[in-house]
Every structure is written in structure tokens, then in C-alpha cells.
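Protein chains: 2
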Amino acid sequence: MYGCAMATPQQRRAARHAPSDAPSATRKVPITADRITEAALEIVAAGGYDALTMRNVAARLETGPASLYAHVVNKADLDELLIGRLCSQIELPQPDPARWREQIADVCTQLRDQYLSYPGISRAALAIDVTDLDVLRVNEGMLAILIAAGIAPQSAAWSIDALFLYVGAYAMDIAVADTEADPDKQRFTTEHRSDLIARFESLPADRFPNIRTYATELTSGTAHSRFDFTLGLMLGSITPSTRPPR
Amino acid sequence: MYGCAMATPQQRRAARHAPSDAPSATRKVPITADRITEAALEIVAAGGYDALTMRNVAARLETGPASLYAHVVNKADLDELLIGRLCSQIELPQPDPARWREQIADVCTQLRDQYLSYPGISRAALAIDVTDLDVLRVNEGMLAILIAAGIAPQSAAWSIDALFLYVGAYAMDIAVADTEADPDKQRFTTEHRSDLIARFESLPADRFPNIRTYATELTSGTAHSRFDFTLGLMLGSITPSTRPPR
DNA sequence: CGTTAGTCACGAACACTGTTCTACACTACG
DNA sequence: CGTAGTGTAGAACAGTGTTCGTGACTAACG
Numbered sequence: 001m002y003g004c005a006m007a008t009p010q011q012r013r014a015a016r017h018a019p020s021d022a023p024s025a026t027r028k029v030p031i032t033a034d035r036i037t038e039a040a041l042e043i044v045a046a047g048g049y050d051a052l053t054m055r056n057v058a059a060r061l062e063t064g065p066a067s068l069y070a071h072v073v074n075k076a077d078l079d080e081l082l083i084g085r086l087c088s089q090i091e092l093p094q095p096d097p098a099r100w101r102e103q104i105a106d107v108c109t110q111l112r113d114q115y116l117s118y119p120g121i122s123r124a125a126l127a128i129d130v131t132d133l134d135v136l137r138v139n140e141g142m143l144a145i146l147i148a149a150g151i152a153p154q155s156a157a158w159s160i161d162a163l164f165l166y167v168g169a170y171a172m173d174i175a176v177a178d179t180e181a182d183p184d185k186q187r188f189t190t191e192h193r194s195d196l197i198a199r200f201e202s203l204p205a206d207r208f209p210n211i212r213t214y215a216t217e218l219t220s221g222t223a224h225s226r227f228d229f230t231l232g233l234m235l236g237s238i239t240p241s242t243r244p245p246r
Numbered sequence: 001m002y003g004c005a006m007a008t009p010q011q012r013r014a015a016r017h018a019p020s021d022a023p024s025a026t027r028k029v030p031i032t033a034d035r036i037t038e039a040a041l042e043i044v045a046a047g048g049y050d051a052l053t054m055r056n057v058a059a060r061l062e063t064g065p066a067s068l069y070a071h072v073v074n075k076a077d078l079d080e081l082l083i084g085r086l087c088s089q090i091e092l093p094q095p096d097p098a099r100w101r102e103q104i105a106d107v108c109t110q111l112r113d114q115y116l117s118y119p120g121i122s123r124a125a126l127a128i129d130v131t132d133l134d135v136l137r138v139n140e141g142m143l144a145i146l147i148a149a150g151i152a153p154q155s156a157a158w159s160i161d162a163l164f165l166y167v168g169a170y171a172m173d174i175a176v177a178d179t180e181a182d183p184d185k186q187r188f189t190t191e192h193r194s195d196l197i198a199r200f201e202s203l204p205a206d207r208f209p210n211i212r213t214y215a216t217e218l219t220s221g222t223a224h225s226r227f228d229f230t231l232g233l234m235l236g237s238i239t240p241s242t243r244p245p246r
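Protein chains in written order, with my numbering: chain A, 1 to 246; chain B, 1 to 246.
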């Protein structure tokens with residue numbers, strides 16, 4: 001009586017990783033969770049995370065929004081699929097205790113670049129719990145590197161957590177800075193920077209002495225040197241003897 | 001012809017910090033940006049950031065949504081006002097070169113607690129640029145501490161940036177974990193933790209060996225020890241001789 | 001005192017969002 | 001051929017942020 005005939009999206013999610021034994025090609029181009037994920041990623045890459053609406057995804061698949069809900073539970077579920085896809089693209093190295101810092105930094109950089117390829121998607125990444133298998137895979141890979149390097153398990157786990165959070169927040173920061181500079185097509189990042197310096201130097205000198213004098217240092221940091229600096233900051237403190245403060 | 005009689009919200013924003021020489025009490029309870037900010041903060045404190053809608057704010061002020069737009073440009077502007085208010089509550093210590101790590105950690109902890117008092121508001125904090133005066137005040141205060149400690153200006157600026165990003169991301173993480181555990185009123189955080197351990201240990205052993213064996217370490221970290229650990233991680237690498245890698 | 005000007009408030013509406021209900025087409029099987 | 005079952009959509013609902021135009025009310029001016 002209460003049972004709907006259609007398989008619930010949850011069941012489809014569970015069976016998603018099962019081998020597709022019989023696609024059976026019922027429709028000409030059947031809608032699958034993979035196609036939805038792909039279309040969604042294209043939309044984000046083109047128009048940013050704000051452009052990611054169910055209607056846009058449906059339109060790109062030439063259908064209505066309701067059709068998506070047979071394969072995706074939620075928009076939150078779609079978000080999870082997206083960052084899962086991103087994480088699945090990341091290559092995890094074989095742990096080498098001699099080069100563990102380099103390896104961790106490499107994974108973080110890969111994650112950062114994945115985020116930056118899809119502007120604003122880090123908002124979804126920060127609003128998700130880490131139960132997704134693909135995300136856990138990256139977590140496992142970084143854990144393996146740190147454990148192999150002799151880091152205490154708890155320090156390793158907490159460090160990975162901190163790194164994840166920072167990478168997401170950094171990508172978010174870059175994304176909002178870019179979208180705010182987007183309307184001003186004329187101004188490049190360098191132009192925008194001189195604007196920022198001017199604003200800093202026009203601050204009241206009695207309340208903001210340091211920001212005024214160090215305006216250039218505050219706004220400097222071309223490319224991702226800020227990112228590399230912070231990674232070095234965090235990785236520098238981690239040593240095989242670093243035990244958690246308990 | 002094109003000029004509307006009403007003062008634009010931008011003008012009101014500009015004159016916001018001017019001394020209120022003549023409140024003139026025109027209405028019985030006039031709507032001001034301050035009252036809007038206050039009402040918005042109460043809503044977030046009670047129902048989380050998702051409950052912060054213009055209609056909810058207007059309803060709490062016993063008016064319609066349109067009335068808010070005479071004092072606030074945008075919802076993004078409201079967000080900026082909110083985190084500005086949060087930052088204005090933070091007490092900045094007089095820089096003491098001998099205790100600079102302690103002082104920085106204290107400011108970060110204050111910021112974290114402010115965020116956590118208003119669940120989910122860190123989403124707004126991460127999506128904003130740092131042009132707000134109240135945010136810059138905190139930035140200036142931390143910069144003063146680090147400069148007084150003899151840290152190179154660029155290292156200081158980048159470190160502050162990284163700390164800000166991490167605090168925001170951490171608060172966000174806590175908020176989403178809480179809201180997901182909210183429907184299960186019965187389960188406390190500890191109960192939720194055992195759930196997480198069980199899920200980790202039920203992972204396939206061939207693909208997630210480390211997560212399985214260190215499940216307890218991964219989920220441990222009562223209270224804010226994770227937060228303190230990361231702060232120590234970042235502050236530990238900063239030394240008066242730490243120059244940026246350039 | 002009467003009139004005008006200016007400011008603010010607010011109801012109604014618009015375009016948009018995520019989501020659900022229901023009916024519809026189509027395949028596979030008995 | 002008929003029936004069950006599955007995937008597909010159209011239409012609609014409850015919300016969201018935001019704007020337009022009208023209305024009321026205070027303040028100043030002749």
C-alpha cells in the first residue's frame with residue numbers, strides 16, 4: 001500500500017558501485033547518476049557554483065528537474081557526488097618515508113587545483129561530512145603517508161583534518177575574490193591588488209598603523225605562494241616525535 | 001528625473017558610523033541597521049544560519065521584507081554586518097613580545113567561540129572579502145602582535161590569513177556536524193562518535209587499512225583539542241627568523 | 001495655520017530556488 | 001494480448017532574495 005513501485009534513490013545509491021551487468025539500453029540516452037554528475041561539473045566549471053541549480057542540470061540533460069530525483073536524493077547528495085568525483089581524480093603516491101612532506105604537499109596541491117577548476121565548489125566541500133568513500137580514499141592515502149613516516153596516529157589524523165579544512169577554505173577565498181572581480185572584466189588581478197593597496201593606505205592611521213605601513217606585504221603573494229607558505233607552516237611542525245598534547 | 005527621493009542604502013551605510021547627533025525619534029521604534037543586525041544575530045543563534053532569511057528578520061521586527069532594504073543593500077551586506085559585529089566583540093590585547101603565541105591563540109579562540117555561538121555563520125564569514133572595518137580591526141590587532149614579536153611582515157600577514165581561514169573552516173565543520181546530529185536528539189556527540197567508529201571499522205579492509213586500524217584516533221579529540229592542535233601546528237613554525245620562502 | 005517636500009514603511013508582485021505529486025510512455029514478462 | 005513495473009516528465013507548491021509603487025507620517029516653509 002505504502003510501497004511505491006519505483007526503486008528509491010537510496011537503493012540506487014547503494015547499488016551505484018555494483019557492476020552494470022545489464023544496462024539494457026531502454027531509452028536512447030538513459031539518465032544516470034554519472035551523467036548528472038558530469039553535467040553538474042560542466043555547469044560549475046562554466047558558470048561557478050551559483051549556477052549549479054537542478055533546473056540547469058536538467059536543462060543540460062534536456063529534461064525537467066523532476067527527472068533528476070530518480071537518481072539523486074537531494075541537492076546535498078549531488079554535492080556529495082561532485083566532491084566525490086573530484087576526490088576520485090586525485091592520484092595517491094606510494095608512501096615514501098623519506099619524502100613524506102613532499103608527498104603530502106603534492107596531494108594537497110592536487111586537491112586545491114581540483115577545487116579551483118570548479119569555482120566555488122569548495123563551499124559544498126566544506127558543508128559535507130566525510131562519510132563519502134571517495135573522500136575517505138584521499139584521507140586514507142594521506143594517513144598512509146604520515147603513518148609510514150612515523151607520525152603518531154592521532155597527530156596524523158588531526159593534521160590531515162586541518163589540511164583538508166585549510167585547502168577548502170583557501171579555494172573558497174580564491175573563488176570569492178575572483179567572482180567579485182568578475183564584473184570588472186577590465187581589471188586584472190594586479191589591478192585589483194593596487195586597488196586594495198590604495199584602500200589600505202587610505203585607512204585612518206591612528207587605528208590601522210600596521211596595515212597601512214605593511215600594505216604591500218599584506219597584498220603580496222602572487223600565484224599560490226600564500227598556499228605554499230601555509231602548507232610549509234603546518235608541515236614544518238609535524239615531526240615523527242610530535243605527539244598530540246593529549 | 002531619475003533621482004529617487006529616498007537616500008540610497010549606500011549613503012546610509014557610509015553615514016552609519018557618524019555620530020548620531022539627532023536621532024529625532026520620528027517613529028515609535030524606527031528600523032535601523034543596528035536593530036536589523038541584532039535581530040539577525042538572534043535568529044542565527046536560535047535557528048542556525050539557514051534560518052536567516054530576510055522574511056524572518058522582518059517578521060522579528062514586525063514588518064515586511066521590503067522595509068529592510070532601506071537600511072541594508074543586500075543579504076550579502078547583512079552578512080558583512082553580522083561578521084563585522086562579531087569581530088567588533090573581540091578583545092585585542094596589548095602586544096607583549098614575550099607572550100605572542102599565547103596572545104594570538106587567544107584571539108583565534110575568541111573568534112572561534114564567536115562563530116560557534118552563531119551556528120553556521122562561518123559560511124558567511126568565508127564568503128566575504130576582508131574590506132570590512134571591523135574585520136580589519138582584528139587583522140590589525142593580530143598584525144601588531146606578530147610585528148612586535150619580530151616576525152617578518154610578510155610571514156605575519158600570511159600567517160594571519162591562514163589562521164583566519166582555518167578558524168572559519170573549523171567553525172563550519174563543527175556547525176555541519178552539529179546540524180546533522182540535530183535530528184537525532186537522543187544521541188549525544190559521544191554516541192555519534194561510536195557510530196562513526198562503527199562505520200569506519202565496517203569499511204573494506206583492503207582499501208582502507210589505516211582508517212580501520214586507527215578509527216579511534218581518527219574520531220578522538222574531545223572538546224576543541226583538534227583546534228588547539230592545529231593552532232600549535234601553525235604557531236610552532238612561526239619564529240622571528242621565519243622569512244617567507246620568497 | 002496650511003501647504004508642500006521629503007523620508008520612511010510596507011503590501012504586492014516578480015523571478016527564481018529545491019522538491020514532490022501525479023499522470024504518462026515504454027519495456028519485459030506471462 | 002494484457003499486465004506489471006520502471007523510468008520520464010509536466011505542473012504545481014512552498015520557499016527564497018529583491019524591486020515597484022503607493023501610502024502615511026514628520027519636518028520645514030510661506
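Yeah, the Cβ is synthetic: ideal placement off N, Cα and C, and Gly gets one too.
Mind checking residue i: buried by the 16 CB within 10 Å criterion, or exposed?
i         : result
Ala91(A)  : The question names Ala, yet the displayed sequence has Glu at residue 91(A). Glu91(A) comes out exposed.
Thr63(B)  : exposed
Ala223(A) : exposed
Arg199(B) : exposed
Ser194(A) : exposed
Gln114(A) : buried
Arg138(A) : Before going further, note that residue 138(A) is Val rather than Arg in the sequence given. It counts as buried.
Arg112(A) : buried
Gly80(A)  : Rather than Gly, the amino acid found at residue 80(A) in this sequence is Glu. Buried, because 16 or more other Cβ atoms sit within 10 Å of the Cβ of Glu80(A).
Ala312(B) : Nothing can be reported for residue 312(B), as the shown portion of chain B is limited to 1 through 246.
Ser159(A) : buried
Gly150(A) : exposed
Ala70(A)  : exposed
Asp50(A)  : exposed
Ala58(B)  : buried
Ala125(B) : buried
Asp161(A) : buried
Ala98(A)  : exposed
Pro23(A)  : Low confidence applies here, because Pro23(A) scores a pLDDT of 38, under 50, leaving its location unreliable and the question unanswered by this model.
Met234(B) : buried
Ser237(A) : buried
Val44(A)  : buried
Thinking C-alpha only, which one of the options is nearest residue i?
i         : options                                   : result
Ile263(A) : Leu233(A), Thr230(A), Lys75(A)            : This structure does not reach residue 263(A), given that chain A is present from 1 up to 246, and the question cannot be answered.
Gly141(A) : Leu78(B), Asp206(B), Ile197(B), Ala70(B)  : Asp206(B)
Asp96(B)  : Ile145(B), Asp34(B), Pro204(B), Leu52(B)  : Ile145(B)
Asn210(A) : Val167(B), Ala98(B), Ala148(B), Val72(B)  : Ala148(B)
Pro93(A)  : Ile238(A), Ile104(A), Asp161(A)           : Ile104(A)
Met54(A)  : Leu78(A), Phe208(A), Asp34(A), Thr179(A)  : Leu78(A)
Val176(B) : Ala39(B), Pro30(B), Gly48(B)              : Gly48(B)
Ser67(A)  : Ile36(A), Glu42(A), Leu52(A)              : Ile36(A)
Cys87(B)  : Val72(B), Asp132(B), Thr179(B)            : Asp132(B)
Arg208(B) : Ala40(A), Leu136(A), Glu102(A)            : Before going on, a small fix: residue 208(B) reads as Phe here, not Arg. Checking every option, the nearest Cα to that of Phe208(B) belongs to Leu136(A).
Pro30(B)  : Leu41(B), Leu61(B), Asn56(B)              : Leu61(B)
Asp134(B) : Val72(B), Leu163(B), Ile83(B)             : Ile83(B)
Val73(B)  : Thr32(B), Trp100(B), Asp178(B), Thr239(B) : Thr32(B)
Cβ-based contacts, 8 Å cut-off: residues of the stretch 48-77 of chain A near chain B: none
The stretch 216-242 of chain A: positions lying closer than 8 Å to chain B by Cβ: Glu217, Leu218, Ser220, Gly221, Ser225, Arg226, Asp228, Phe229, Thr230, Gly232, Leu233, Met234, Gly236, Ser237, Ile238
Inter-stretch contact (C-beta, 8 Å, three-pair minimum) for the stretch 201-218 of chain A and the stretch 153-161 of chain B: yes
Please list, in chain order, the residues of the stretch 102-119 of chain B that have any C-beta partner in chain A closer than 8 Å. none
Check whether the stretch 114-124 of chain B touches the stretch 158-176 of chain B, counting contact only when three or more Cβ pairs, one atom from each stretch, lie closer than 8 Å. Three or more pairs of CB atoms, one per stretch, sit closer than 8 Å, so the stretch 114-124 of chain B contacts the stretch 158-176 of chain B.
For the stretch 102-114 of chain A and the stretch 223-233 of chain A, state whether three or more C-beta atom pairs, one from each stretch, are separated by less than 8 Å. As far as the Cβ criterion goes, the stretch 102-114 of chain A touches the stretch 223-233 of chain A, which means the pair count is three or higher.
Selection of the stretch 81-93 of chain A by Cβ proximity to chain B, strictly under 8 Å: The stretch 81-93 of chain A vs chain B, Cβ under 8 Å: nothing.
Using a Cβ-Cβ cut-off of less than 8 Å, list which residues of the stretch 161-176 of chain B approach chain A; keep chain order. Taking 8 Å as the Cβ-Cβ cut-off against chain A, the residues of the stretch 161-176 of chain B that qualify are Asp161, Ala162, Leu165, Tyr166, Gly168, Ala169, Tyr170, Met172, Asp173, Val176.
Beta carbons nearer than 7 Å to chain A: which residues of the stretch 141-153 of chain B have them? Leu143, Ala144, Ile147, Pro153
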